[in-house]
Amino acid sequence: MKAVGIIVEYNPFHNGHAFHLEASRKVSNADIVIAVMSGNFLQRGEPALVSKWYRTKMALLNGVDLVFELPYGFAVQKAETFANGAVSILDAVGCDYLCFGSESGDIDSFYRTIHYLNDEHENYENNIKQYMNKGVSYPKALALSYQQLPNSENFLDLSKPNNILGFHYIKAIIGQNSSIKPVTVARKNANYHDENFTSETIASATSIRKAIFSDEKKIKISQYVPEPTKKLLDEYMNHYGMYHNWENYWDYLQFRLIQASNEELQEIYEVEEGLENRLKAAAIQSTSFQEFMQKVKTKRYTWTRLQRLCVHILTNAQKIEMTKFTEKASYLRLLGMTTLGRDYLNQMKKHFRLPLVSKLSSFKEKEITLDITAARIYAMGLRGIQRQEMLKQEFIEPPIYIKK
Numbered sequence: 209m210k211a212v213g214i215i216v217e218y219n220p221f222h223n224g225h226a227f228h229l230e231a232s233r234k235v236s237n238a239d240i241v242i243a244v245m246s247g248n249f250l251q252r253g254e255p256a257l258v259s260k261w262y263r264t265k266m267a268l269l270n271g272v273d274l275v276f277e278l279p280y281g282f283a284v285q286k287a288e289t290f291a292n293g294a295v296s297i298l299d300a301v302g303c304d305y306l307c308f309g310s311e312s313g314d315i316d317s318f319y320r321t322i323h324y325l326n327d328e329h330e331n332y333e334n335n336i337k338q339y340m341n342k343g344v345s346y347p348k349a350l351a352l353s354y355q356q357l358p359n360s361e362n363f364l365d366l367s368k369p370n371n372i373l374g375f376h377y378i379k380a381i382i383g384q385n386s387s388i389k390p391v392t393v394a395r396k397n398a399n400y401h402d403e404n405f406t407s408e409t410i411a412s413a414t415s416i417r418k419a420i421f422s423d424e425k426k427i428k429i430s431q432y433v434p435e436p437t438k439k440l441l442d443e444y445m446n447h448y449g450m451y452h453n454w455e456n457y458w459d460y461l462q463f464r465l466i467q468a469s470n471e472e473l474q475e476i477y478e479v480e481e482g483l484e485n486r487l488k489a490a491a492i493q494s495t496s497f498q499e500f501m502q503k504v505k506t507k508r509y510t511w512t513r514l515q516r517l518c519v520h521i522l523t524n525a526q527k528i529e530m531t532k533f534t535e536k537a538s539y540l541r542l543l544g545m546t547t548l549g550r551d552y553l554n555q556m557k558k559h560f561r562l563p564l565v566s567k568l569s570s571f572k573e574k575e576i577t578l579d580i581t582a583a584r585i586y587a588m589g590l591r592g593i594q595r596q597e598m599l600k601q602e603f604i605e606p607p608i609y610i611k612k
């Protein structure tokens, strides 16, 4: 079977994702869709709205055939590392294509830009250093440095979030010498960071989450998400009594920051340049995560980077561990499959280039420890019996199977 891979978070799965999924099948003429999906904490340093198991169900019920988890060490990372881990998994399971959404919609523009930046590498790096020395954040320094290059306006717009990810996906494919063929489809209607509904049917995940947390009774999201997503969101709320956001974890983060010594915080991934002092001071003064973030945010440290850093503090993800996650994943964590996905698995798993993990208790690799810790920390956002249930789930939950 011909397989197309997609790299997703589905926080939650919405109509734009359904459009991308259908377009991925068409443009690749694939028989099967394989998704690599972030776990309970996401690339922008946020807890997912609902657990990875519910998001896996959303994926399978809406047309994905196989779902593998992107390990924590790649998922809660900058774009380059995120892309390296995800591409390595799709390559290991035999994907023929990778299809991603982009603002560009033109795959040739990505290759032209990669070649252009290779030619302008020295100038580009010098520009980055100059902006960083002025106190500019790393992502902003990248964008400004790119804009300073001659004729950059004739190439890919690397200020757009999906273009940036696609750029790193293709770099990862080239760097890993993968045979995967990348293809892209243009994003439809809503932009990645749109906070308001701008279309009658397509909305960004950001605007959907904002509506959910603003006033669920007042703002209807039904027209922006497929029916299986709506049912699963309702089911999650009925069962767990909440959706996850950073405020559910603020007490734990505040405790960790106040309790930990400066030396301990300095060992946490992404804590640099004396940032531990600023974090501790803000934790003592703040009454919510939002207030805390507003106090620690600076021109140099973006909101996203600080959120990722906060996740790493919660999970105690240390530099010595996280720096191992740079190029390729070392295992395949299967989260779910349809009947077609199971058929593909049975045909292809002997050819997979990484060990397949379907039962966590039988897998002893050290790299998976961070995934387990992250899942347990995520469960701490719940209360009572629901928390205990989710704390156990990581070890007892088999891969989800959807018969269709």
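The sequence shown begins at 209 in my numbering and counts up one residue at a time.
Even for Gly, the Cβ is constructed at its ideal location relative to N, Cα and C.
Keep in mind the model is a prediction, meaning the values are calculated, not measured.
Query                                                                                                                             : Result
Exposed unless 16 or more other CB atoms sit within 10 angstroms - verdict on residue 598                                         : buried
Cβ shell of residue 274 (< 6 Å), same chain only, five flanking positions each side left out                                      : 242, 545, 549
Reference residue 481, options 312, 390, 509, 539, closest by Cα                                                                  : 509
From 574, 383, 592, 387, residue whose alpha carbon lies closest to that of residue 322                                           : 383
For residue 437 and residue 220, the rounded distance between their alpha carbons                                                 : 7 Å
Neighbourhood of residue 363 by C-beta distance below 7 Å, restricted to the same chain and skipping five residues each side      : 317, 320, 321, 324
Those residues which DSSP pairs with residue 283 across a bridge                                                                  : Partner(s): none; residue 283 has no beta bridge.
Sequence-distant residues of its chain with Cβ nearer than 8 Å to residue 351 (five each side left out)                           : 366, 367
Collapsed DSSP secondary structure at residue 384 in the structure displayed                                                      : coil
Continuous alpha helix (DSSP H) stretch holding residue 445: start and end                                                        : 435 to 448
Residue 246 burial status per 10 Å Cβ neighbour count (16 or more: buried)                                                        : buried
Beta carbon of residue 590 nearer than 7 Å to that of residue 518                                                                 : no
Secondary structure of residue 392, DSSP reduced to three states                                                                  : strand
For residue 609, the residue or residues it bridges with in DSSP                                                                  : 545
Spatially closest choice to residue 263 from 252, 248, 253, 254, by CA coordinates                                                : 248
Of the residues 353, 281, 333, the one placed nearest residue 527, counting alpha carbons only                                    : 281
Residue 419, enclosing alpha helix (DSSP H) - first and last residue                                                              : 413 to 422
The segment 556 to 566 contacting the segment 410 to 419, beta-carbon criterion three pairs below 8 Å                             : no
Simplified DSSP assignment, three categories, for residue 218                                                                     : coil
Residue 308 burial status per 10 Å Cβ neighbour count (16 or more: buried)                                                        : buried
4 or more residues per run - each alpha helix (DSSP H) lying fully within the segment 285 to 318                                  : 287 to 300
Neighbour-count burial assignment, residue 596, 16 or more Cβ in a 10 Å radius                                                    : exposed
Unbroken beta strand (DSSP E) run spanning residue 243, endpoints                                                                 : 240 to 246
Pair within 7 Å by beta-carbon distance, residue 388 and residue 299                                                              : yes
N- and C-terminal bounds of the beta strand (DSSP E) containing residue 276                                                       : 274 to 278
Where residue 526 sits in the DSSP three-state scheme                                                                             : strand
Coil, strand or helix - residue 352 by DSSP                                                                                       : helix
Alpha carbon of residue 498 to alpha carbon of residue 578, nearest angstrom                                                      : 26 Å
Pick from 391, 210, 292, 330 that is closest to residue 171, judged by C-alpha positions                                          : The question about residue 171 has no answer, for the chain in this structure spans 209 to 612.
Chain-order list of residues whose beta-carbon lies under 6 Å from that of residue 523 (same chain, five-residue window excluded) : 581, 582, 585
Bridge partners - residue 249, DSSP secondary structure assignment                                                                : 255
N-terminal and C-terminal residue of the alpha helix (DSSP H) that residue 497 is part of                                         : 497 to 504
Buried versus exposed, by CB contacts within 10 Å (16 or more), residue 447                                                       : exposed
For residue 370, the nearest candidate out of 290, 494, 276 (CA to CA)                                                            : 290
Residue range of the alpha helix (DSSP H) that includes residue 577                                                               : 577 to 587
Assumed close pair residue 265, residue 277 - CB separation to whole angstroms, cut-off 8 Å                                       : The pair is not a contact, with the Cβ atoms about 14 Å apart (cut-off 8 Å).
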